[in-house]
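**Student:** Residues are numbered in this note's numbering as their position in the sequence shown, beginning at 1, plus a constant of 5. Built from N, CA and C at the ideal position, the CB exists for glycine as well. Computed from a predicted structure; not experimentally measured.
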Amino acid sequence: MRKVNSFYVFIFLAFATLMTVNSFYFKGSSSFLGVTYAKAYKINAEKSGIIKNLFVVPGQEVQKGDQLIEVESPQLNLDIQKLRKEIELFKSEKREKKALLDSKIKLLESEKSILKGEIENDIRLIQNEIDLNNKLTQTISKDVSTDSLTSLKLQIKSIREKGNLELQGLDIRILDLKQEDEFDQSQIQSKIELANEELEWKLREERRLNKFATFSGVIENVYVKEGEEVEAFTSLVSINPKHPTSVVGYLVGKKERDRELGETVTVKSLEQPNLQIQGKIIGFGAVVELPQIMEKDNSLTTFGLEIFIEIPEDNPLVVGEQIIVK
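1) When the Cα of L172 is compared with those of Q277, I74, I124, S78, which residue comes out closest?
2) Bridge partners for P3 per DSSP, in chain order?
3) Using a Cβ-Cβ cutoff of less than 6 angstroms, which residues in the same chain neighbour S28 once the five nearest sequence positions on both sides are dropped?
4) DSSP three-state label for K216, please.
5) Give me the Cβ distance between V61 and V227, rounded to the nearest whole Å; I'm assuming they're in contact under 8 angstroms.
6) Which of helix, strand or coil does DSSP assign to F308?
7) My output table needs one value for E225: the three-state DSSP class, helix, strand or coil.
8) Just the C-alpha distance for V223 and L199, rounded to the nearest angstrom, thanks.
9) Could I get the ranges of all uninterrupted beta strand (DSSP E) runs contained in the segment 166–192, with 3 residues as the minimum, in chain order?
10) Helix, strand or coil, according to DSSP, for K52 in the structure here?
11) So, are the CB atoms of V330 and H248 less than 8 angstroms apart?
12) Only counting the same chain, and skipping five residues up and downstream in sequence, which positions put a Cβ closer than 8 angstroms to that of P278?
13) Hey, quick one: how far does the beta strand (DSSP E) through T271 stretch, first residue to last?
14) Could you check if F308 is buried or exposed, using at least 16 other CB atoms within 10 Å of its CB as the buried criterion?
15) How many angstroms separate the CA atom of E185 from the CA atom of I110?
16) So, T250 versus I316, is the Cβ gap smaller than 8 angstroms?
17) Give the range of the beta strand (DSSP E) segment to which P246 is assigned.
18) Give every residue of the same chain whose Cβ lies closer than 7 angstroms to the Cβ of K117, excluding the five residues on either side of it in the sequence, and list them in chain order.
19) In whole angstroms, what is the alpha-carbon distance linking K285 and L38?
20) Taking the continuous beta strand (DSSP E) assigned at T41, which residues delimit it?
21) Taking three-plus beta-carbon pairs below 8 angstroms as touching, is the segment 187–202 in contact with the segment 67–77?
22) Based on the DSSP output, what are the partners of V253 in its beta bridges?
23) I need the boundaries of the beta strand (DSSP E) containing I328, first residue and last residue.
24) Checking the sheet assignment: what are the DSSP bridge partners for G288?
25) In angstroms, rounded to a whole number, what distance separates the CA positions of I244 and F313?
26) Please report how far the alpha carbon of E268 lies from the alpha carbon of L241, in whole angstroms.
27) How far does the beta strand (DSSP E) with Q72 in it reach, from first residue to last?
28) How would you call F188, buried or exposed, if buried means at least 16 neighbouring beta carbons within 10 angstroms?
29) Less than 8 angstroms between the C-beta atoms of A50 and A291, yes or no?
30) Skipping 5 residues on each side, what residues in its chain have a beta carbon closer than 8 angstroms to that of S36?
31) In whole angstroms, what separates the C-alpha of I287 from that of R264?
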């Protein structure tokens, strides 16, 4: 009989404890408790390389933007050097072609100058002959030989026309040289621009080799050592965020379960209610056992419905602390 009474006493105490827990977790209210979480973030190598420098050790606190690891790639360095050399050779080729063009044009301009001098000299000689004939005609006889003068004037006209044609030919050669050089320069410039684009891409790859903290946190583990060769996608370091990035709340007992996806809620620290942040419900889970930190009586297992809440990375809460969701 005593054994039966003891059994009923145990059942009563268990029921009373359960009711106490339910009451503690705001039975009948819209508030519920939860725990903050932050998943360790692993940083991986984007491509193969050699670890040149390590700037962090496990347990070290880092701030957003701090450099964690310096990585170099011999193949990438070689590609960058080759591209820079190639660009310099193209630029040198442009300068050489421009200098050659200037030299050719200068030579043709010199030929034009000489030709103009020859034309003017030939015309001057004929003009002198015309002038002399005019003087002799005026001195010796009043009759002027128009045929002789006309012939000389025709020679001058012929010399001018022939000279102009030769000068035009030189101008055409100069224009052809300029157009040919312009085409060559544009072709080389296209090669330079293409090589520059490839160089910029390689330089971006080089910058991405070095790893920086994208948020403040604590180094959980460093998986490599200086001088080590690593392959692409190798894990280099893992960081635990300084502040939580998510919250899991638990609805215990007969609480209102009319929460909706996307609903905005207020997440407050249980110990310091003045520390709070706005969050958003992003999902619902299953009915599970509460985390140990939320158990008030280790002799009794309590269950609750999971509610997953997303919170901003920049928040005042601590990872692993209890919170109140309203």
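**Tutor:** So, to answer that:
1) Here residue 172 is taken as the residue at index 167 of the sequence shown, counted from 1. Out of Q277, I74, I124, S78, I124 has the C-alpha closest to the C-alpha of L172.
2) Since the displayed the chain opens at 6 and closes at 331, residue 3 lies outside it and no answer follows.
3) The residue labelled residue 28 in the question sits at position 23 within the sequence shown. Residue placement at S28 cannot be trusted, given a pLDDT of 49 that sits under 50; what the coordinates show is reported in the next sentence. Closer than 6 angstroms at the Cβ level, and outside the excluded window around S28, lies no residue.
4) Translated into the one-based positions of the sequence shown, residue 216 becomes position 211. In the structure shown, K216 sits in a strand (DSSP, three-state: E or B).
5) Along the sequence shown, one-based indexing puts residue 61 at 56. Along the sequence shown, one-based indexing puts residue 227 at 222. Right, their Cβ atoms sit about 6 angstroms apart.
6) Along the sequence shown, read from residue 1 onward, the residue named residue 308 stands at position 303. Of the three classes helix, strand and coil, the one that applies to F308 here is strand, per DSSP.
7) The residue given as residue 225 occupies position 220 in the sequence shown. Here E225 sits in strand by DSSP.
8) Residue mapping note: residue 223 aligns to position 218 of the sequence shown, counting from 1. Residue mapping note: residue 199 aligns to position 194 of the sequence shown, counting from 1. Between V223 and L199, the C-alpha separation is close to 43 angstroms.
9) none
10) Here residue 52 is taken as the residue at index 47 of the sequence shown, counted from 1. Three-state DSSP puts K52 in coil, outside helix and strand.
11) Against the sequence shown, residue 330 aligns to sequence position 325. Against the sequence shown, residue 248 aligns to sequence position 243. No; because the gap between Cβ atoms is not below 8 angstroms, this pair is not in contact.
12) As a position in the sequence shown, residue 278 is number 273, starting the count at 1. Correct list, in chain order: I329.
13) Indexing the sequence shown from 1 puts residue 271 at position 266. Run containing T271: 269–274, per the beta strand (DSSP E) assignment.
14) Residue 308 sits at position 303 when you count from the first residue of the sequence shown. Exposed.
15) Looking up residue 185 in the sequence shown gives position 180. Looking up residue 110 in the sequence shown gives position 105. One C-alpha to the other measures close to 12 angstroms.
16) Indexing the sequence shown from 1 puts residue 250 at position 245. Indexing the sequence shown from 1 puts residue 316 at position 311. In contact: T250 and I316 (Cβ atoms closer than 8 angstroms).
17) Against the sequence shown, residue 246 aligns to sequence position 241. Start and end: 240–246.
18) Position 112 of the sequence shown holds residue 117. L172, L175, listed in sequence order.
19) As a working mapping, residue 285 is identified with position 280 in the sequence shown. As a working mapping, residue 38 is identified with position 33 in the sequence shown. Between K285 and L38, the C-alpha separation is close to 15 angstroms.
20) For the purposes of this step, residue 41 is identified with residue 36 of the sequence shown, where counting begins at 1. That run of the beta strand (DSSP E) goes 37–42.
21) no
22) For the purposes of this step, residue 253 is taken as residue 248 along the sequence shown, with counting starting at 1. Answer is V40, F313.
23) As a first step, residue 328 is located in the sequence shown; it is residue number 323 there, counting from the start. Per DSSP, I328 belongs to the beta strand (DSSP E) from 327–330.
24) Taking the first residue of the sequence shown as 1, we reach residue 288 at position 283. Answer is F313, bridged to G288.
25) As a working note, residue 244 is residue 239 in the sequence shown. As a working note, residue 313 is residue 308 in the sequence shown. Spanning the two alpha carbons is a distance of roughly 22 angstroms.
26) Translated into positions along the sequence shown, residue 268 becomes position 263. Translated into positions along the sequence shown, residue 241 becomes position 236. About 37 angstroms.
27) Within the sequence shown, the letter at position 67 stands for residue 72. Q72 -> beta strand (DSSP E) spans 72–77.
28) Here the question's residue 188 lines up with position 183 in the sequence shown. Exposed, by the Cβ-count rule.
29) By one-based count along the sequence shown, residue 50 stands at place 45. By one-based count along the sequence shown, residue 291 stands at place 286. Taking 8 angstroms as the Cβ cut-off, A50 and A291 do not qualify as a contacting pair.
30) Mapped onto the sequence shown, residue 36 falls at position 31. Closer than 8 angstroms at Cβ, skipping near neighbours: I329, V330, K331.
31) In the sequence shown, counting from the first residue as 1, residue 287 sits at position 282. In the sequence shown, counting from the first residue as 1, residue 264 sits at position 259. Each residue's alpha carbon lies about 11 angstroms from the other.
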